[in-house]
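See below for the structure under consideration.
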Amino acid sequence: MERNAEYYQEQIEFARHMAQRCWQDIPEDQWHETPEGVGTNLTWQVGHLLISQYFAPVVVLFGSQAAVKERISIKEYASLFGLGSDPKNATQFSKSVSEQLQDLAFMQDLTLGLLKEYDYSKLSEPPLREHPVGNTQGKCLDWSIQHEMWHAGQLAMLRKALGYTSTFGPRG
C-alpha cells in the first residue's frame, strides 16, 4: 500500500480508536487512579498522547503551530505528560477530563488536517526537529502511530486494573 494521506489517516484514526475504546466508559472520578503494579492513570495517558502527537508528527513534520499554542498550554502538557514525567503528578493538571478530551480531539483534527496537505515525497527527508527515534519524517510519522498503539495496550491493562472488561476485538 502506498504511504499517502489516506494510508496515514486510516492508521492514525485506528490507533486513536483503539486507545479511546479503553477510556470512553470510565467515570471521571477514576481518571487519576493509579492502580498498584500499573504505574499510570488515564489523565496521564491521554495527556501523554496529546503532547506526543504534537511533537511527532506535528512539530517534526510541520514545525511549531500557532493554533496549538493559542489553545493549549504546551508547557503544562509537556511538564506533566512529556517524556520522563511521573504519572502520579497528573493530579496537578488544571483541566477537567472533558477539557482534556477536547484538547486531544483538537490535536487529532489538526494533525489529520495537516497530513492532508503534506508532501509525501518528503517522507525520506530528515525531520524538521530532532526526534529520539526517527531520523526521517516517515519514520517519525510511523513511530507516532506505533507509539499510540503501544499506549493503547497500556490503557487496556489500566482498564483491567480498574475493574473493567477488555475492549479489544473487532472494530465497533
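First residue of the sequence shown: 2, per the numbering used here; consecutive thereafter.
Glycine residues also receive a C-beta, built at the ideal position from the N, C-alpha and C atoms.
Could you give the distance in angstroms between the alpha-carbon of residue i and the alpha-carbon of residue j?
{"i": "tyrosine 165", "j": "glutamine 101", "result": "22 Å"}
{"i": "glycine 64", "j": "threonine 137", "result": "14 Å"}
{"i": "glycine 135", "j": "histidine 33", "result": "32 Å"}
{"i": "aspartate 30", "j": "tyrosine 121", "result": "42 Å"}
{"i": "leucine 156", "j": "phenylalanine 94", "result": "19 Å"}
{"i": "alanine 1", "j": "leucine 111", "result": "There is no way to answer for residue 1, as the model of the chain reaches only from 2 to 173."}
{"i": "serine 145", "j": "glycine 154", "result": "15 Å"}
{"i": "proline 128", "j": "tyrosine 119", "result": "13 Å"}
{"i": "isoleucine 13", "j": "alanine 106", "result": "12 Å"}
{"i": "glycine 173", "j": "glutamine 25", "result": "In this predicted model, glycine 173 has a pLDDT of only 49, less than 50, meaning its place in the structure is not dependable; the value taken from the coordinates is given anyway. Rounded to the nearest angstrom, the two C-alpha atoms are 13 Å apart."}
{"i": "histidine 18", "j": "arginine 130", "result": "28 Å"}
Cutting at 8 Å between CB atoms, please list the residues of its own chain near residue i, excluding the five before and the five after it.
{"i": "methionine 108", "result": "Leu51, Gln54, Tyr55, Val59, Val69 and Ile73"}
{"i": "lysine 117", "result": "Ala6 and Gln10"}
{"i": "serine 80", "result": "Ser86"}
{"i": "isoleucine 27", "result": "Leu43, Arg160, Leu163 and Tyr165"}
{"i": "lysine 96", "result": "Asp104"}
{"i": "serine 125", "result": "Thr137, Gln138 and Gly139"}
Closer than 6 Å by C-beta to residue i: which residues in its own chain qualify, once you throw out the five before and the five after it? Chain order, please.
{"i": "threonine 168", "result": "Arg22 and Cys23"}
{"i": "lysine 140", "result": "none"}
{"i": "glycine 83", "result": "Ile52"}
Please look up how many angstroms separate the CB atoms of residue i and residue j, rounded, as I've assumed it's under 8 Å.
{"i": "tyrosine 78", "j": "glycine 48", "result": "6 Å"}
{"i": "methionine 158", "j": "valine 39", "result": "6 Å"}
{"i": "tryptophan 45", "j": "alanine 91", "result": "4 Å"}
{"i": "histidine 152", "j": "alanine 57", "result": "Wrong, their Cβ atoms sit about 13 Å apart, outside the cutoff."}
{"i": "valine 61", "j": "histidine 132", "result": "5 Å"}
Report all residues from its chain with a CB closer than 7 Å to the CB of residue i; omit the five preceding and five following residues, and keep chain order.
{"i": "aspartate 143", "result": "none"}
{"i": "lysine 123", "result": "Gln138"}
{"i": "tyrosine 75", "result": "It is worth fixing the name first, because residue 75 is isoleucine in this sequence and not tyrosine. If we look at isoleucine 75 and ignore the five residues flanking it on each side, its Cβ neighbours are Tyr55 and Val69."}
{"i": "threonine 35", "result": "Thr41, Asn42, Pro88 and Lys89"}
{"i": "valine 98", "result": "Glu29 and Trp32"}
- Task: Could I get the ranges of all uninterrupted alpha helix (DSSP H) runs contained in the stretch 66 to 100, with 4 residues as the minimum, in chain order?
- Result: 67 to 72 and 75 to 82
- Item | Unbroken stretches of the alpha helix (DSSP H), 4 residues or longer, contained in the stretch 98 to 169 | 98 to 118 and 138 to 162
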